[in-house]
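Top to bottom, those sequences are chains A and B.
The working numbering applies: residue 14 is where the first sequence begins, and numbers increase by one.
The working numbering applies: residue 258 is where the second sequence begins, and numbers increase by one.
Beta carbons: idealized from backbone N, C-alpha and C, even for Gly.
Note that the structure is predicted; figures quoted are calculated from it, not measured.
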Amino acid sequence: MTTILSIKDLRKSYEGGFEALKGLTLDIEQGEILALLGPNGAGKTTLISTICGITSATSGNVTVGGHDIQQDFRAARRMIGLVPQEIALEPFETVANTVRFSRGLFGKPKDDARIEEILRKLSLWDKRKNAVKELSGGMKRRVLIAKALAHEPRVLFLDEPTAGVDVELRKDMWEIVAELKQQGVTIILTTHYIEEAEAIADRIGVINNGELLLVEQKATLMAQMGKKQIEVQLAEPLTSIPAALKQHDLTLTEDGGIVYTYDTHGERTGITTLLNDVAQAGLTLRDVQTRQSSLEEIFVTLVSGGKS
Amino acid sequence: MNWTAIAAIYRFEMARFFRTLAQSFFSPVLSTSLYFVVFGTAIGSRIQEVEGVSYGAFIVPGLIMLSVVMLAISNASFGIYFPKFLGTIYELLSAPVNFIEIVIGYVGAAATKALFVGLVILITSMFFVDIRIEHPVAMAAFLVLTCLSFALLGFIIGIWASNFEQMSLIPQLVVTPLIFLGGTFYSISMLPPMWQTITLFNPVVYLISGFRWSFFGTADVPIGLSLLAIAGFTAICLGVIWWIFKTGWRIRS
């Protein structure tokens, strides 16, 4: 794999001493989808803004496709598309002209066929002659994506792309992201929606207080940190944990069943012993279910400081 | 040079102008006509000639300067302030363009709009008074330079302003008095000697005087000085804009 975006010891401090980025280092491979998760104020938008040139870095280096964002800013920025978090569009201009403007601004020659393709893909073709102010919020967000794609970027930043959008648009966006990935576009998205990261990302980075707490393949992360639970429903509901089962780390469910949490990577899961002890205690099983902890739980654990 | 980007900015800005073309065209025609009715007819009937030129014709260069300067400032300041206000400036800052290209695009468009209005006023004036232009090339050069230099000033104001009120602060409190007191409607030779000296500290005097020279061949101050003044003003504006982009003042955190 080729590294398309390389961030080395990136720092951003504001007047007054607030450090938004504290020496962040990260390599992003070509064609991958990286989801950056983090609470409000974690530094996600600052990171994107710094890479894109909207904010100046205090120190550190960033290269895009081997081009330094300071020394060789033109080549670096030509490769980047940005969909900002806030909807910011010229309200009086038509959709088509707004998108054409973006293409020209990034130095690409006029190409109406390409603009049409983008507008059609984003279901904006019928609205191309409408002024932006006439569009709904969801449509405006599509225009932002169309603008970011107008110059055919190789790296696309989506800053909270689905914040406040309806389910249909969210699904559409996931499809667009998947399609772009197929075309070899690298996508970095920040999100609050953990389900979004879980659904579309290849790798997940967790950022908090300007530091990258972790970056890992999604599957590996889930497997490494994921805990599993087994819920045993009994024919005769319990009111308390029987003495014979006290040695196991159990909790009682509302309907009198028991829940056992175990680490899938532990040498022994303890399930066999548990089930034997349940049988020894004379309890009859009615049903057994297992479930894996979600990314959300992993995220909360990390951000709250429990790295292990 | 990213000429494609410059053209994109220029076209986008000009589109704003074409969307309100009627307003852009009729407003200066109407205001110029009113000036001629008020100053040309009412006052002109009492002042026959100024420096050998009929009063009606004498005020034409001043009128053109008045409108052109105000429009160049307002168009350029609005052009760059509006993206800041809307938040669309993110695109400009993340685009592969440098400050020179941004300035050429925005200032070029603002200057074009002001130039268009200047020409509309000139043509409108021709319906009211006989106008001769002794140095047409110099006239065109002065007009273009004025449009450009004040569009640069407008660009600075647009970046500096953090609300709409501030945008109109400098044009209303500084530029308008300087223009009115800069010999728009009179020759500074008509003032008492002390005021003539004080007036020479007003940079607009040099602008209007030079522009008037291109029409009638007479000037309040030497033409070379006028050219130097406008060149110096342009250089100062360019220097300030260079510093703004170098430091990111008010545009890049």
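Neighbours of glutamate 306/B in chain A, taken as residues at a C-beta separation under 9 Å, are lacking, since the least C-beta distance is about 48 Å.
For valine 354/B, the C-beta contacts it makes with chain A under 9 Å involve Arg87, Arg90, Leu118, Phe119, Gly120, in order along the chain. The residue from His80/A, Val96/A, Glu28/A with its alpha-carbon nearest to that of arginine 154/A is Val96/A. Its chain contains no residue whose beta carbon lies nearer than 6 Å to that of alanine 176/A once the 5 sequence neighbours on both sides are disregarded. Secondary structure note for arginine 24/A: its beta strand (DSSP E) is the uninterrupted segment 16 to 26.
Residue contact check for alanine 272/B against chain A: a CB pair falls below 8 Å.
Contact between leucine 34/A and leucine 60/A is confirmed by a C-beta separation of about 6 Å, below the 8 Å threshold. With respect to threonine 274/A, glutamate 244/A sits apart: the two C-beta atoms are not nearer than 8 Å.
In the DSSP assignment, the residues bridged to phenylalanine 170/A are Leu95/A, Ile201/A. Each of His205/A, Gly54/A, Ile93/A, Glu45/A was checked against the Cα of glutamate 348/B, and the nearest Cα belongs to Ile93/A. The beta carbon of serine 72/A does not come within 8 Å of any beta carbon belonging to chain B, so the residue lies off that interface. In this structure, the alpha-carbon of alanine 88/A lies about 15 Å from that of tryptophan 260/B. With a threshold of 8 Å between beta carbons, isoleucine 378/B makes no contact with chain A. Short of 6 Å from the beta carbon of threonine 203/A, and not among the five residues preceding or following it, lie these beta carbons of its own chain, in chain order: Leu49, Lys57, Asp172, Glu173. Restricting attention to Arg167/A, Trp187/A, Gly223/A, Met186/A, the CA atom closest to the CA of glycine 197/A is found in Arg167/A.
Short of 6 Å from the beta carbon of glycine 489/B, and not among the five residues preceding or following it, lies no beta carbon of its own chain. Within the same chain, and ignoring the five residues on either side of glutamate 209/A in sequence, the residues whose Cβ sits closer than 8 Å to its Cβ are Ala48, Thr175, Arg183, Trp187, Leu202. Residue burial annotation: glutamate 99/A is exposed, with fewer than 16 other C-beta atoms found within 10 angstroms of its C-beta. Given a length threshold of 4 residues, each whole run of the alpha helix (DSSP H) inside the region 67 to 119 of chain A is given here in chain order: 86 to 91, 108 to 118. Spanning the alpha carbons of valine 478/B and serine 471/B requires a straight line of approximately 13 Å. Shown here, alanine 395/B sits in a helix according to DSSP, grouped into three states.
Taking a Cβ-Cβ cut-off of 8 Å, the neighbours of phenylalanine 105/A in chain B comprise Arg273, Arg276, given in sequence order. It is roughly 26 Å from the alpha-carbon of phenylalanine 412/B to the alpha-carbon of isoleucine 82/A. Taking a C-beta distance under 8 Å as the contact criterion, methionine 322/B and isoleucine 436/B qualify as a contact pair.
If you look at lysine 134/A, you'll find it isn't in any beta strand (DSSP E); it sits in the alpha helix (DSSP H) that goes 125 to 134. Proximity of the region 311 to 319 of chain B to the region 446 to 463 of chain B falls short of the contact definition, fewer than three beta-carbon pairs being nearer than 8 Å. Within the region 402 to 422 of chain B, contact with chain A at the beta-carbon level (separation under 7 Å) is assigned to no residue.
Contact of proline 250/A with chain B is not assigned, every C-beta pair being separated by 8 Å or more. From the beta-carbon of asparagine 332/B, no residue of chain A is found nearer than 8 Å; the closest lies around 15 Å away. Between the C-alpha atoms of leucine 298/A and glycine 269/A there is a straight-line separation of about 12 Å. DSSP places arginine 276/B in the helix class (H, G or I) of the three-state scheme.
Secondary structure within the region 346 to 406 of chain B: the alpha helix (DSSP H) runs of 4 or more consecutive residues, fully enclosed, are 346 to 350, 356 to 383 (chain order). Residue pairing by DSSP puts glutamate 306/B in a beta bridge opposite Ser311/B. For aspartate 276/A, the pairing in a beta bridge is given by DSSP as Lys240/A. The Cβ atoms of isoleucine 213/A and valine 190/A lie closer than 8 Å to each other. Against chain A, a Cβ distance below 7 Å from threonine 345/B picks out Ala101, Leu102, Glu103.
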